[in-house]
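One structure is given here, and the rest of the page talks about it.
Numbering (our numbering), first residue to last: 2 to 506.
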């Protein structure tokens, strides 16, 4: 079952239209706000430039007035002292005044009215300088009396007053221009600030809408995640319940299978064994009676008896495959020791069995699981490992039973447990897992050979700390001599190790 919070493929590819429009509106607002910010910065720069220009124009006008005043004062000093040194400011005034007028022209070039005022100021200053030079010539030709007469005339004072007045007019007009432009800038800045406030308000509204949409989407996603989590929790509970049921069912099937195999083995041993024993005894009796009178019939009975011996051997192999008789009669330790000895004899491998003396204390389910795991591991070694030495080590651990089977063969691939055809390894692992244990198959020490480690807990299901109960049917066989094989069949028993290479559950 698959769960998803996505409605369909179309909704995953792009945002809804209203969310896209909100994104575009937010971007447009940010761009417009940035444009107005740049314009405000330009206007502020222009206002600062105009203020600096006004201050510079005022300074230049004051300096021009100072140059004219210094020129006039230097000429008067010359008149009073007669020293040529006093004429220095007058002689340098034309050049400096011309420089100041050019500087003022560059500063006032963008204002027609101020340009006109500057032209008038230039005319007044040039006229004043001309009058000063004329007074100097008059003094040199006529003397001080003529100069006094010229100085007493009202025209001389009026020219200087006109220059001062023109400077005041130009300074005031420049200040008025600054005031006008500053007022216009502040008015524009006020409009821009109001527009910026509107843009910010719109941006806040858009952000609130975004927040509402995100909150709604987050709430929907949270609800979907919680619903999905509840569904997953329910599925996990169902899976855990089904897994527990399957585990119980698997243990029950293994137990039933082993019990059925044990029952079938007892029936084969008792019923078929008794029948075969009776048949063999009857055939032996008839053969003895017919040996003298009907030798040809006696020979046929001998052949039939050989067939009966083969049938007894087949019965023994089937019984051993269904349920190892030593496991029920002698315990796990004797069964593993005997199986390892027979395995070494049949496969010509050096098989050492290191079995703990407390092995017989294992419960019935533990004992059969450990025996089957050992049986499957040794069969795999004989088929695939190409080993020379095998060690089977069964020890009693504080919390269960530890089984370790190692060989010096070619080793095992790392993904052997994951292969679909590794039925033997998977069966070994399932036997361990169903009893609450573990099974690990890995390479041996220094990467040589293969090591199979199994751990079966002492408290595993079906694993009580008692000696396994003896099979009642097999024990009855030891108490009923009439059911034993006839003496002639004992010599013809098959070698019990033939079951090693036969299929087993």
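All residues carry an ideal CB built from backbone N, CA and C; glycine is no exception.
Owing to the predicted nature of the structure, the values given are computational and were not obtained by experimental measurement.
Distance, Cα to Cα, residue i vs residue j?
| i | j | result |
| --- | --- | --- |
| residue 77 | residue 60 | 26 Å |
| residue 296 | residue 285 | 14 Å |
| residue 21 | residue 196 | 25 Å |
| residue 239 | residue 226 | 19 Å |
| residue 55 | residue 187 | 18 Å |
| residue 472 | residue 335 | Because residue 472 sits at a pLDDT of 39, beneath the cut-off of 50, its placement in the model cannot be relied upon, and the following sentence gives the value as read from the coordinates. About 16 Å. |
| residue 1 | residue 270 | Outside the modelled stretch of the chain, which goes from 2 to 506, sits residue 1, for which no answer is possible. |
| residue 85 | residue 134 | 14 Å |
| residue 51 | residue 179 | 7 Å |
| residue 48 | residue 104 | 21 Å |
| residue 191 | residue 183 | 12 Å |
| residue 102 | residue 123 | 7 Å |
| residue 361 | residue 276 | 33 Å |
| residue 467 | residue 293 | Low local confidence applies: a pLDDT of 39 at residue 467 is under 50, so the model's placement there is unreliable, with the coordinate-based value given in what follows. The alpha-carbon atoms of residue 467 and residue 293 are separated by roughly 58 Å. |
| residue 441 | residue 366 | 20 Å |
| residue 66 | residue 26 | 60 Å |
| residue 98 | residue 189 | 39 Å |
| residue 245 | residue 256 | 16 Å |
| residue 30 | residue 167 | 51 Å |
| residue 460 | residue 401 | 8 Å |
| residue 169 | residue 163 | 10 Å |
| residue 73 | residue 177 | 31 Å |
| residue 304 | residue 357 | 47 Å |
| residue 41 | residue 118 | 32 Å |
| residue 505 | residue 229 | Caution applies to residue 505, whose pLDDT of 37 falls short of 50 and renders its modelled position unreliable; the value that the coordinates give is listed next. When rounded, the distance between both Cα atoms is 46 Å. |
| residue 279 | residue 308 | 15 Å |
| residue 315 | residue 267 | 15 Å |
| residue 251 | residue 287 | 51 Å |
| residue 426 | residue 302 | 47 Å |
| residue 18 | residue 210 | 14 Å |
| residue 241 | residue 318 | 41 Å |
| residue 374 | residue 383 | 14 Å |
| residue 325 | residue 354 | 17 Å |
| residue 446 | residue 313 | 45 Å |
| residue 399 | residue 405 | 16 Å |
| residue 395 | residue 377 | 15 Å |
| residue 413 | residue 236 | 37 Å |
| residue 456 | residue 272 | 38 Å |
On the DSSP bridge list, what partners appear for residue i?
| i | result |
| --- | --- |
| residue 404 | 395 and 455 |
| residue 390 | 351 |
Give the range of the beta strand (DSSP E) segment to which residue i is assigned.
| i | result |
| --- | --- |
| residue 302 | Not the beta strand (DSSP E): residue 302 falls in the alpha helix (DSSP H), residues 296-323. |
Going by DSSP, what residue range makes up the alpha helix (DSSP H) through residue i?
| i | result |
| --- | --- |
| residue 440 | Run containing residue 440: none in the alpha helix (DSSP H); it sits in the beta strand (DSSP E), 439-444. |
| residue 98 | 89-108 |
| residue 431 | 424-435 |
| residue 327 | 326-330 |
Measuring from the CB of residue i, is there a heavy atom of the ligand NAD at a distance below 7 Å?
| i | result |
| --- | --- |
| residue 428 | As for the ligand NAD, it is missing from this structure, which has no ligand bound. |
Ignoring anything shorter than 4 residues, give me the alpha helix (DSSP H) runs that lie fully in the stretch 347-381, in order along the chain. 365-381
The stretch 345-356 in contact with the stretch 385-393 per 3-pair CB rule at 8 Å: yes
Quick check: the stretch 91-98 against the stretch 126-140, are there 3 or more CB pairs under 8 Å? yes
Those runs of the alpha helix (DSSP H) which lie wholly inside the stretch 230-306 and span at least 4 residues: 274-294
The stretch 369-381 / the stretch 431-439 touching (three or more Cβ pairs under 8 Å): yes
Minimum length 3: unbroken beta strand (DSSP E) runs contained in the stretch 184-228: none
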